[in-house]
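Written below as structure tokens is the structure these notes are about.
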Amino acid sequence: MINSNVPSVFPEATVEEMLPLISGSKSSIAVVDGNNKFLGLVTQLSLVIEATRFNKEEIIELKEIANNQ
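Quick note on numbering: the UniProt record's numbering labels position 39 of the sequence shown as 39, and the sequence is numbered without any gaps.
And the structure:
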């Protein structure tokens with residue numbers, strides 16, 4: 001079981017869905033299954049690395065998504 005104060009996502013979550021969850025003071029997101037069983041962790045660094053694989057326009061869009069949440 002995961003603490004309800006820790007943001008969590010299902011394995012199929014996208015970068016766009018995770019960015020708002022990790023903005024601010026949150027440093028990681030738990031990945032859980034349908035039974036809320038811990039499967040892994042997504043860190044801010046891993047999201048930044050994944051986001052930088054996008055082209056410039058996509059990075060700007062991702063930044064706007066994160067800032068609007």
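Even glycine gets a Cβ: it sits at the ideal position worked out from N, Cα and C.
query, result
"Close Cβ partners of residue 6 (< 6 angstroms) along its chain, the five nearest in sequence each way excluded", "30"
"Cα-Cα separation between residue 110 and residue 65, rounded to whole angstroms", "The structure shown does not extend to residue 110, since the chain is modelled only from 1 through 69, so no value can be given for it."
"Beta strand (DSSP E) segment containing residue 30, residue limits", "28-32"
"Residue 32 vs residue 39 beta-carbon contact at 8 angstroms", "yes"
"With 16 other Cβ atoms within 10 Å as the buried cut-off, status of residue 41", "exposed"
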